[in-house]
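Following: one structure in structure tokens, then a few remarks.
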Amino acid sequence: MIKSKSDNIYKFIMLTLLILACVIIVLPYVWMISNSFKSTKETLTDPNHLIPRNFTLKGYKDVLFDSPFLKWFLNSSFIALIVVTVVLFSSSLVGYIFSKYNFKLKGLLFMVLLATMMVPAQTTMVPSFLLISKLGLYDTLWAVIVPTCISAFGIYLCKQFCDEIPRELMESAKLDGAGDFTVFFRIALPQIRPAIGALAIFTFLECWNDYLHPLLYLSSTDQMTLPLALSYFSTAHSSNLSATMAASALIMIPSAIVFIIFQKQFIKGIAMTGMK
Amino acid sequence: MRSKKFILLVLIPVFLHVLVFMIIPIIGSGVISFLDYNPLRDNNTFVALENYKQLFSDGDFWKALKNTLVFVVVAVAANIVISLFLSAIITQFRSNRTRSFFRMMVFLPCIAPLVASSVVWGRSIYPTNGGLINLIVTSLGGKPLNWLGDARYLMMSVILFTLWADVGYNTILFSAGMDGIPTEFYEAAAIDGSGRWNQFWKITFPLLGRTFAFVLVMTVISYFQMFAQFNVLALKNGPQNSGLVLTSYIYKLAFTNKNMGYASAVSVALFVIIMIVTLIQQRLNKVDWEY
Numbered sequence: 001m002i003k004s005k006s007d008n009i010y011k012f013i014m015l016t017l018l019i020l021a022c023v024i025i026v027l028p029y030v031w032m033i034s035n036s037f038k039s040t041k042e043t044l045t046d047p048n049h050l051i052p053r054n055f056t057l058k059g060y061k062d063v064l065f066d067s068p069f070l071k072w073f074l075n076s077s078f079i080a081l082i083v084v085t086v087v088l089f090s091s092s093l094v095g096y097i098f099s100k101y102n103f104k105l106k107g108l109l110f111m112v113l114l115a116t117m118m119v120p121a122q123t124t125m126v127p128s129f130l131l132i133s134k135l136g137l138y139d140t141l142w143a144v145i146v147p148t149c150i151s152a153f154g155i156y157l158c159k160q161f162c163d164e165i166p167r168e169l170m171e172s173a174k175l176d177g178a179g180d181f182t183v184f185f186r187i188a189l190p191q192i193r194p195a196i197g198a199l200a201i202f203t204f205l206e207c208w209n210d211y212l213h214p215l216l217y218l219s220s221t222d223q224m225t226l227p228l229a230l231s232y233f234s235t236a237h238s239s240n241l242s243a244t245m246a247a248s249a250l251i252m253i254p255s256a257i258v259f260i261i262f263q264k265q266f267i268k269g270i271a272m273t274g275m276k
Numbered sequence: 277m278r279s280k281k282f283i284l285l286v287l288i289p290v291f292l293h294v295l296v297f298m299i300i301p302i303i304g305s306g307v308i309s310f311l312d313y314n315p316l317r318d319n320n321t322f323v324a325l326e327n328y329k330q331l332f333s334d335g336d337f338w339k340a341l342k343n344t345l346v347f348v349v350v351a352v353a354a355n356i357v358i359s360l361f362l363s364a365i366i367t368q369f370r371s372n373r374t375r376s377f378f379r380m381m382v383f384l385p386c387i388a389p390l391v392a393s394s395v396v397w398g399r400s401i402y403p404t405n406g407g408l409i410n411l412i413v414t415s416l417g418g419k420p421l422n423w424l425g426d427a428r429y430l431m432m433s434v435i436l437f438t439l440w441a442d443v444g445y446n447t448i449l450f451s452a453g454m455d456g457i458p459t460e461f462y463e464a465a466a467i468d469g470s471g472r473w474n475q476f477w478k479i480t481f482p483l484l485g486r487t488f489a490f491v492l493v494m495t496v497i498s499y500f501q502m503f504a505q506f507n508v509l510a511l512k513n514g515p516q517n518s519g520l521v522l523t524s525y526i527y528k529l530a531f532t533n534k535n536m537g538y539a540s541a542v543s544v545a546l547f548v549i550i551m552i553v554t555l556i557q558q559r560l561n562k563v564d565w566e567y
């Protein structure tokens with residue numbers, strides 16, 4: 001009897017702490033949205049209330065009509081679409097080859113691949129920038145796309161999953177006269193679907209949220225991606241707080257909605273790629 | 277025979293890409309660090325170890341190194357404690373829906389671009405004029421702080437922001453690890469009269485070993501590389517360079533000062549530091565493993 005009472009108190013305290021944590025997490029979002037509907041003047045002179053006294057859409061109008069917001073959105077989408085597609089394709093194919101074939105230098109090549117994963121992009125900023133300039137890609141979307149098209153992590157992840165496909169499955173398909181590509185597409189790919197899903201989420205997030213590479217490689221306003229554009233926008237229009245918050249909201253809300261819809265897959269994917 | 281063609285057809289372009297975009301930049305970083313390299317100049321001379329010698333007498337470098345270490349140690353420790361705590365609480369809920377609801381909430385900030393969150397915090401949460409934190413602090417009777425403009429508080433502010441933005445990721449990883457622990461262990465412990473605190477340290481924590489080692493290494497590595505929030509929150513690296521970290525110092529040297537040779541030397545230093553820390557951690561984890 002006593003135990004269950006202390007149990008309830010414990011549960012109550014834990015629930016309260018969790019709810020408090022959630023409030024802390026959500027509050028900045030709420031404040032961002034609130035400020036995006038206030039005029040900058042109201043935010044600065046009379047900030048002490050959550051619901052705007054004078055509800056205004058001016059911030060959103062400034063962002064959507066006086067800046068190339070749509071262009072930024074399209075740039076980000078274009079980059080993400082190509083990068084995710086190529087990374088998924090190349091990772092699964094190369095991971096499959098490393099898992100199911102034997103060839104000369106296999107061990108060495110795989111080691112090289114893993115070793116590149118250990119080198120953070122922040123430590124190769126200078127040569128990467130010079131390389132992109134030399135290749136004539138500077139200030140084009142391809143500067144961000146091309147270097148990220150092969151993912152060592154993706155290859156590693158797909159290899160791990162391919163290792164678990166029984167060899168007999170492929171042998172029998174080959175006996176039926178199927179070529180290497182066919183076996184890969186028909187037999188291997190369906191088997192590693194969970195890995196592909198997780199990799200898609202992971203690659204998309206990394207690409208969509210990337211700040212460093214666009215900052216290094218893109219300079220004209222028309223070529224920017226959303227994260228870069230936002231930091232540019234917030235400095236260029238530093239007196240227009242309302243528009244800055246509107247731009248932030250426009251960038252964050254869509255991904256938040258996508259996340260809430262697909263949250264199960266997201267969280268499973270993150271946990272899986274983390275654990276593997 | 278056909279298989280060989282298939283392998284070559286795939287691996288040759290892939291490894292050419294790896295060579296050009298990963299290996300050449302890595303070697304390039306080392307090579308440029310021995311040059312006095314300015315991209316706007318035609319003649320870039322070989323200066324041997326001059327750039328590395330300069331590191332030792334460069335006050336800004338040591339300041340950046342100190343700031344980076346403070347950030348990594350404090351933020352990683354706080355992140356691990358908070359995310360372990362949150363995942364431990366969340367895992368205790370029996371209902372799957374409650375668990376996934378709280379996990380979703382905690383993870384929410386992780387999907388937003390770090391830069392976007394930084395802008396929101398920098399312009400709406402931290403400002404002294406109309407910022408949310410100071411409004412809350414004053415309404416609770418506290419003294420408002422100059423979160424980003426005061427050298428004493430800037431690093432703390434960046435750490436608080438980073439925790440808000442990033443704790444969810446590790447919480448998910450720990451939760452996944454905890455879900456894998458059979459409930460029978462806890463039931464047995466409860467029958468033996470073991471308390472919750474005890475259960476956590478005697479069951480959850482040891483069985484989480486592998487996840488914990490992984491999370492720790494990954495978090496340390498990624499926190500050494502943090503850049504976006506410093507770039508946004510620490511305006512011009514903050515008062516008295518209080519927000520200068522190694523990544524932002526490399527960026528400043530290379531792209532503001534156009535001193536790419538020296539920037540590469542700092543890059544190599546950062547890389548070596550990350551390598552050493554990773555190796556030490558792996559050693560420590562191995563010792564743990566043999567128990």
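Chains as they are written, first to last, in my numbering: chain A, 1 to 276; chain X, 277 to 567. Ideal Cβ positions, reconstructed from N, Cα and C, are used throughout, including at glycine.
Mind checking whether Ala545 of chain X and Leu529 of chain X have CB atoms under 8 Å apart? no
Express the C-alpha separation of Leu15 of chain A and Tyr138 of chain A in angstroms, rounding to a whole number. Taking the straight line from one Cα to the other gives about 51 Å.
Residues bridged to Leu81 of chain A by DSSP? Paired residues: none, contrary to the question.
Would you report the Cα separation of Leu292 of chain A and Cys162 of chain A, rounded to the nearest angstrom? Within the shown structure, residues of chain A are numbered from 1 to 276, placing residue 292 of chain A beyond reach of any answer.
Listed in chain order, which residues of the region 360 to 380 of chain X have Cβ atoms closer than 8 Å to some Cβ of chain A? Leu362, Ile365, Ile366, Gln368, Ser376, Phe378, Arg379 and Met380
Using a Cβ-Cβ distance under 8 Å, would Cys22 of chain A count as near chain X? yes
Between the alpha carbons of Leu169 of chain A and Ile187 of chain A, how many angstroms are there, rounded? 7 Å
For chain X, find out if any of its Cβ atoms is closer than 8 Å to the Cβ of Ser239 of chain A; answer yes or no. no
Does the contact criterion of 3 or more C-beta pairs under 8 Å hold for the region 552 to 559 of chain X versus the region 126 to 134 of chain A? With a cut-off of 8 Å on Cβ pairs, the region 552 to 559 of chain X is not in contact with the region 126 to 134 of chain A, counting fewer than three such pairs.
Of all the residues that make up the region 34 to 58 of chain A, which are near chain X by a beta-carbon distance shorter than 7 Å? Within the region 34 to 58 of chain A, the residues whose Cβ lies closer than 7 Å to any Cβ of chain X are, in chain order, Asn35, Thr43, Leu44, Pro47 and Asn48.
Determine contact between the region 392 to 407 of chain X and the region 239 to 258 of chain A, defined as no fewer than three beta-carbon pairs at a distance below 8 Å. Yes: at least three Cβ pairs fall under 8 Å.
Just the C-alpha distance for Ala436 of chain X and Tyr445 of chain X, rounded to the nearest angstrom, thanks. The residue asked about is misnamed: residue 436 of chain X is Leu in this sequence, not Ala. One C-alpha to the other measures close to 15 Å.
For Tyr211 of chain A and Leu416 of chain X, what's the separation of their Cα atoms in angstroms? 36 Å
Identify the contact partners of Trp397 of chain X in chain A, using a Cβ-Cβ distance below 9 Å as the criterion. Pro28
Going along chain A, which residues have a C-beta under 9 Å from Tyr527 of chain X? Gln122, Met125, Leu212, Leu215 and Leu216
Within 10 angstroms of its Cβ, does Trp423 of chain X collect 16 or more other Cβ (buried), or is it exposed? buried
Can you pull the chain A residues whose beta carbon is under 8 Å from the beta carbon of Pro301 of chain X, in chain order? Thr124, Pro127, Ser128 and Leu131
Out of A:Lys58, A:Trp31, A:Thr56 and A:Leu57, point me to the one whose CA is closest to Ile48 of chain A's CA. It should be noted that the sequence gives Asn, not Ile, for residue 48 of chain A. Selected option, being the one with the closest Cα: A:Trp31.
Tell me which residues share the same chain as Ser543 of chain X and place their Cβ nearer than 6 Å to its Cβ, disregarding the 5 neighbours each side in the sequence. Contacts found: Ser305 and Ile526.
Assuming contact is defined by CB atoms lying nearer than 8 Å, are Gln223 of chain A and Leu141 of chain A in contact in what I supplied? yes
Using a 10 Å radius around the Cβ and a threshold of 16 neighbouring Cβ atoms, would you call Leu20 of chain A buried or exposed? exposed
Does DSSP classify Leu215 of chain A as helix, strand or coil? In the structure shown, Leu215 of chain A sits in a helix (DSSP, three-state: H, G or I).
For the alpha helix (DSSP H) that Met494 of chain X lies in, which residues bound it at each end? Gly485 to Phe500
If distances are taken between C-alpha atoms only, which option among A:Lys41, A:Phe153, A:Leu135 and A:Val83 comes closest to Phe110 of chain A? A:Phe153
Just to check my reading of the structure: Leu522 of chain X and Leu325 of chain X have Cβ atoms closer than 8 Å, yes? What is that Cβ distance to the nearest angstrom? Contact flag wrong, Cβ pair sits at about 19 Å.
Host alpha helix (DSSP H) of Gly107 of chain A (start-end): Lys106 to Met117
Taking the C-alpha atoms as reference points, what is the distance between Lys134 of chain A and Asn320 of chain X? 16 Å
One or two residues paired with Leu311 of chain X in a DSSP bridge: X:Phe322
Does DSSP put Thr140 of chain A in a helix, a strand or coil? coil
If contacts are defined as beta-carbon pairs under 8 Å, then Pro120 of chain A and Gln516 of chain X qualify, I think. What distance do you get, rounded to the angstrom? Taking the Cβ atoms as the reference, Pro120 of chain A lies roughly 27 Å from Gln516 of chain X, outside the contact range of under 8 Å.
What do you reckon, are the CB atoms on Ser92 of chain A and Ile201 of chain A nearer than 8 Å? At the C-beta level, Ser92 of chain A and Ile201 of chain A stay beyond 8 Å of one another.
Using C-beta distances below 7 Å, list every residue in its chain close to Ser151 of chain A, excluding the 5 sequence neighbours before and after it, in chain order. Val87, Ser91 and Thr203
Taking 8 Å as the threshold (C-beta atoms), are Val496 of chain X and Val352 of chain X in contact? yes
With distances taken from CA atoms, which of A:Gly107, A:Leu226, A:Asp46 and A:Leu216 is nearest Val63 of chain A? A:Leu226
Taking 8 Å as the cut-off, decide whether the C-beta atoms of Tyr60 of chain A and Ala246 of chain A are in contact. yes
Pick from X:Gly537, X:Asn533, X:Ala354 and X:Leu509 that is closest to Leu390 of chain X, judged by C-alpha positions: X:Leu509
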